[in-house]
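Working notes for the structure below.
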Amino acid sequence: FQTKLLNCEYGKNTIKFLRLHRDGKKHFVKEVEVCTHLRLTSAHEYLDGNNSFVIPTDTIKNIVLVLAKQKGISSIEQFAIDICKHFMTTFCQVAYVKTYIQEVPWQRQYQNGVPHIHSFILVPDGIRFCEAEQCRNGPLVVFAGIKDLKLMKTTQSGFEGFYRNEHTTLPERKDRILCGELFCKWSYGECRDLDFDCMWAKVRECILEAFSGPPNCGEYSPSYQKTINCIQMCVLSRVSQVLSFFLLMTKMNLSPLGVLRWNCLVVQLDGLKNYKCSHKFRALH
């Protein structure tokens, strides 16, 4: 019988390291986790047991560490680009390379508004990540994102007018707590001279603003789906470098235990989780 080999990627996952850069007395840190996968121009190692083209995964790991030391990590996106370019320009047997990087959210400590020169604090307000991939003779594509971002607003949200039948037990609500965990991933177009840190911060700002609404009054959300669309539209309208935006929101179920008394409401958190997702692209004219 005949068979066809569809895909034969391999690589090194979870390359974890911290890079410390000293600029006089002031220190800078980047702690990252890198995954780099390759696809070769041939599959002799699978079909014939011939390993002559195979770049060992240990070599992949060492190359990533050397590049971090030599080139630094100005941003995780730029570091992912550096990794892809290195494998494409150094190894003629590489047909495709993909690199995923996520950054541990260390932030510089402040004391009375003054930034500390060498002390940092871990702030778990979302994990920044990126991907870069390239085929031989093809464009280098860069994605950025944020995951494990937990957001909540305690009013200005409801869910009414939905389809009902004999199996529906969910009551309609005009006022509810909207709480979710977000996974967002977006793609960039032309990546030359992009300030990736600035772009990521702009997108994150759009996500928070569209979810919450104006700070003095908020904005009503009739559904999680509408909130997702508002976030996508805000990002695509304000950050022209973003070509597409994928958002998955895992809904955290909150069940009120009683009526609001003394301006206090007790809410039960259950383990049930639902999700909504959407992928929106910028229209190309």
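First residue of the sequence shown? That's 63 in the working numbering, and the numbers climb one at a time after it.
From the three backbone atoms N, C-alpha and C, an ideal C-beta is built for every residue, glycine too.
Cross-strand partners of residue i (DSSP beta bridge)
i    : result
P177 : Y172
Y158 : R101, C197
M311 : L244, K338
Under 7 Å between C-beta atoms of residue i and residue j
i    : j    : result
K209 : I189 : yes
Y108 : C70  : yes
F205 : K247 : yes
K123 : K78  : no
T289 : E243 : no
I145 : T98  : yes
L298 : C339 : no
S306 : F221 : no
Euclidean distance between Cα positions of residue i and residue j
i    : j    : result
K66  : Y162 : 28 Å
L68  : K212 : 38 Å
S181 : E93  : 14 Å
S302 : G275 : 21 Å
I135 : D257 : 13 Å
L80  : V185 : 16 Å
M261 : E195 : 19 Å
D187 : P167 : 8 Å
D259 : S137 : 6 Å
Three-state secondary structure assigned by DSSP to residue i
i    : result
A105 : coil
N278 : coil
K288 : helix
R84  : strand
R266 : helix
T152 : helix
T231 : coil
R190 : strand
Touch check for the stretch 173 to 185 and the stretch 256 to 271: three-plus C-beta pairs under 8 Å?
-> no
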